[in-house]
Every structure is written in structure tokens, then in C-alpha cells.
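K.L.:
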Amino acid sequence: MPEIVVVEHETEEKAKTCVFCRRQVSRYLCPTCNAPYCSLTCFRHQSHSQCSEAFYKREIETDIQSGTSASKSAQERTQMLGILKRFEEESAEEEWDENSLAMRLGDLDLDSLSAEALWEKLNEEEKARFLRTVNDPDGEAARQILNSEVLLSENVLPWWEGQSGIAEGEQPPSSRPQRYGSMPTLIEVPGELSNRAAAGPSLIFNIATLCLAYAYVTRTMARSPLSSLEIQDAEYEIASELMQRSVPFVFDMTSKERFSSFGEGMTYLWSRIGSACHTFF
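First residue of the sequence shown: 71, per my numbering; consecutive thereafter.
#1: Touching or not, the region 278-292 and the region 305-322, by the rule of three or more beta carbon pairs under 8 angstroms?
#2: Would Ser294 and Leu227 qualify as a contact pair, given that the criterion is a beta-carbon distance under 8 angstroms?
#3: State the Cα-Cα distance for the pair Asp322 and His118, rounded to the nearest angstrom.
#4: Flag Trp189 as yes when its Cβ comes closer than 7 angstroms to any non-hydrogen atom of the ligand NAD, and as no otherwise.
#5: Taking just the CA atoms, how far does Ser184 sit from Glu258?
#6: Which value, in whole angstroms, describes the spacing of the CA atoms of Val76 and Trp189?
#7: From Gln120 to Ser96, what distance separates their C-alpha atoms?
#8: Can you have a look at Val317 and say buried or exposed, based on whether 16 or more other CB atoms are within 10 angstroms of its CB?
#9: Quick one: what's got a C-beta closer than 8 angstroms to Ile308's C-beta in the same chain, skipping five residues either side?
#10: Measure the C-alpha to C-alpha separation of Arg289 and Gly261 and round it to an integer number of angstroms.
#11: Taking the straight line between their C-alpha atoms, what separation do you get for Cys108 and Ile215?
#12: Since Phe319 and Ser325 are thought to touch, with beta carbons under 8 angstroms apart, how far apart are those beta carbons, to the nearest angstrom?
#13: Name the DSSP beta bridge partners of Pro106, please?
#14: Can you tell me which of the three DSSP states Thr279 falls into?
#15: Within a Cβ cutoff of 6 angstroms, which residues of the same chain sit near Asn225, ignoring the five residues on either side of it in sequence?
#16: Rounded to a whole number of angstroms, what is the C-alpha to C-alpha distance between Pro254 and Glu305?
#17: If Arg342 and Asn276 are in contact, beta carbons under 8 angstroms, what's the gap, nearest whole angstrom?
#18: Do you know offhand how far Trp229's Cα is from Gly251's?
#19: Figure out for me which residue from Glu195, Glu300, Tyr286 has the closest Cα to the Cα of Gly344.
#20: On a Cα-Cα basis, can you pick out the residue from Asn217, Glu210, Arg199 that is closest to Val89?
#21: Given this structure, state the Cα-to-Cα distance separating Cys103 from Glu231, to the nearest angstrom.
#22: Please classify Pro106: is it buried, with 16 or more other beta-carbons within 10 angstroms of its beta-carbon, or exposed?
#23: Taking the beta carbon of Gly335 as the centre, do at least 16 other beta carbons fall within 10 Å, making it buried, or is it exposed?
#24: Assign Leu227 to one of three DSSP states: helix, strand, or coil.
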């Protein structure tokens, strides 16, 4: 029977982050899927239930069938069998729900289907579950979606967090996961502009606020660099709207907005974005 493997990391570089909490260094490997995790809590994570429940089921079955279970009372064995039955019933119910939704959506082209048409395909329970997830972005269901392998494989992390800058248009080494964006091409500033004497008040804190907005939109869109978005893409319009809402003074040529401190610029941005920037900052 597979056993949980305890991982000893020789160096920090070789240490892998727990795939469930994505914060702690993993200490164990799942005996079924080899997923690295850090604690029993993460092993029991809902997204890992297919492995964890099967593991406990095997353990209980082995305990019941082994000679050591002979010393257990009939009540204890009955409780174990009840747990097994509950595992099987919950697994069957979840499988039926997934298959039911899959059958209803199986013949549809989800890429061309409108949001309204897709909404009508959901039953009342699915609609209620969706709304609960949307209204609770810090909840377990939302975290599972955001940490799903499918979504993470499509997300592109900010280019400035990469180990080394790769110019836009260049191909990253095949040995490095393509999760970081490429460094955007720098814009050359004409000499006559860069050498001009200061003609007005300093805009250094406006520039800092713009950088914060750029980082916020990059993380929100999970695309990097933003210049990689094509104008015909739906994401291009969303990113543009987010930038205009965050720092409208950049787009308004008549704006006289000027910040005198970094904190003033951040407070301004906070008021424009709202609660969405609470976790960002």
C-alpha cells in the first residue's frame, strides 16, 4: 500500500511550495498523485479530496480487515463502516453533479456562448452556488477556483518578478516554466525632451501612483506585459477600462491632479479601485 513520503530538502532552492496553501514549504508527497504538501490540513484540502478520502478509506479498510481490528469493539467497527459508506455516497453524489453539468454543456461551444445563455443552462442550485462564490472572493470555493491547475496554467505572472528579464518577443529557455511575462520593450525618449529644464512642478508621486495602477491591472488581468494584449481582445478593453478608472488623470489631458506624497497617491488609488485593492496592498 502506498505510504506518505516525507521529503527532506537539502537546500531552499530545491524546496517546493505546498500546492494547496501556496505559502509553506512542502514536507510530504501525496502517495497517490505525488502532490507536495506541508501539513495534514492541506492534505485534507477540498481540491485534494479525491486522494485524501481514498487514502483514509484504504486505511480504514485495512484496519478492519487486519488482525489488529479484532480487539476493537463492534461499535468502533460499525463507525468505521459508516465513514466508508459516507465517503462512497458523497463521491457518487459529486460525480453525478459533475456529469449532469457536463452533459448539459457538452454540446455547446463555450467560447462563443454569451454569458446570459450560459447562465440559463445552470439550474437554481448551481446559480445560487455561483453567486455565493462571487460574493465571497475570500471563501474556500473562490480560492479553489483561483488556485485551480487550469487557471494557473493560463495565468502569466508579472514580468518584473521573473528571475531574469527577457525582452518582449524573445523566447524564454525551454527549461524555465513560461509563467512570467517577458520584459516590455523600453520606449526611447528623444534627447530634446529628456534634456529640457523643468517647466513645472514635480510629478514623481503621480508616476509612482501610475506604477501602482499598472501593477494592480497586471495582477488582476493575470497578463504580462499588458502591451501583449491585442486591441481586438476582450481583455484589452477590460484592462483599458481598469487603467482609466484607476488613474483617470493620465487619460485626461486637462487634468491638474498632482500628488505631494506617496501616501496621497496611494490613498487616491485606493478610493478609485475600492475594496478590490485591499488584498493587493
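Just so it is clear, CB atoms sit at the ideal spot from N, CA and C, and this is done for glycine as well.
P.N.:
Based on what the coordinates show:
#1: yes
#2: As a first step, residue 294 must be located in the sequence shown, where it is residue number 224. As a first step, residue 227 must be located in the sequence shown, where it is residue number 157. Yes; because the gap between Cβ atoms is below 8 angstroms, this pair is in contact.
#3: In the sequence shown, the residue the question calls residue 322 occupies position 252. In the sequence shown, the residue the question calls residue 118 occupies position 48. Roughly 49 angstroms between the two C-alpha positions.
#4: The ligand NAD is absent from the structure shown, which contains no ligands of any kind.
#5: The sequence position of residue 258 within the sequence shown is 188, counting from 1. The sequence position of residue 184 within the sequence shown is 114, counting from 1. Straight-line Cα distance between these residues: approximately 42 angstroms.
#6: Looking up residue 76 in the sequence shown gives position 6. Looking up residue 189 in the sequence shown gives position 119. Only weak support exists for where Val76 lies, its pLDDT of 48 falling under 50; the value from the coordinates is given anyway. Looking at the two C-alpha atoms, the distance is approximately 45 angstroms.
#7: As a working mapping, residue 120 is identified with position 50 in the sequence shown. As a working mapping, residue 96 is identified with position 26 in the sequence shown. Answer to the nearest angstrom: the Cα atoms are 19 angstroms apart.
#8: On the sequence shown, residue 317 is found 247 positions in, with the first residue counted as 1. Buried, by the Cβ-count rule.
#9: The residue labelled residue 308 in the question sits at position 238 within the sequence shown. The answer, listed in chain order, is Met291.
#10: Here the question's residue 289 lines up with position 219 in the sequence shown. Here the question's residue 261 lines up with position 191 in the sequence shown. Those two C-alpha atoms are separated by around 33 angstroms.
#11: As a first step, residue 108 must be located in the sequence shown, where it is residue number 38. As a first step, residue 215 must be located in the sequence shown, where it is residue number 145. Roughly 20 angstroms separates the two Cα atoms.
#12: Residue mapping note: residue 319 aligns to position 249 of the sequence shown, counting from 1. Residue mapping note: residue 325 aligns to position 255 of the sequence shown, counting from 1. At roughly 4 angstroms, the Cβ-Cβ gap stays under 8 angstroms, so Phe319 and Ser325 are in contact.
#13: Looking up residue 106 in the sequence shown gives position 36. Pro106 is bridged to Leu99.
#14: As a position in the sequence shown, residue 279 is number 209, starting the count at 1. Residue state, collapsed to three classes: helix.
#15: Residue 225 sits at position 155 when you count from the first residue of the sequence shown. Once the five neighbours on either side are set aside, the close Cβ partners of Asn225 are Ala292.
#16: The residue given as residue 254 occupies position 184 in the sequence shown. The residue given as residue 305 occupies position 235 in the sequence shown. Using only the alpha carbons, I get a separation of about 18 angstroms.
#17: Working through the sequence shown from its first residue, we reach residue 342 at position 272. Working through the sequence shown from its first residue, we reach residue 276 at position 206. Actually they are not in contact, since the Cβ atoms of Arg342 and Asn276 sit about 13 angstroms apart, beyond 8 angstroms.
#18: Numbered from its first residue, the sequence shown carries residue 229 at position 159. Numbered from its first residue, the sequence shown carries residue 251 at position 181. Taking the straight line joining both Cα atoms gives about 4 angstroms.
#19: Translated into the one-based positions of the sequence shown, residue 344 becomes position 274. Comparing Cα positions, the closest option is Tyr286.
#20: Mapped onto the sequence shown, residue 89 falls at position 19. Of the candidates Asn217, Glu210, Arg199, the one whose C-alpha sits nearest the C-alpha of Val89 is Asn217.
#21: Against the sequence shown, residue 103 aligns to sequence position 33. Against the sequence shown, residue 231 aligns to sequence position 161. The alpha-carbon atoms of Cys103 and Glu231 are separated by roughly 29 angstroms.
#22: Position 36 of the sequence shown, counted from the start, is the residue given in the question as residue 106. Under this definition Pro106 is a buried residue.
#23: The residue given as residue 335 occupies position 265 in the sequence shown. Gly335 should be labelled buried.
#24: Numbered from 1 along the sequence shown, position 157 holds the residue referred to as residue 227. Leu227: strand per DSSP, three-state reduction.
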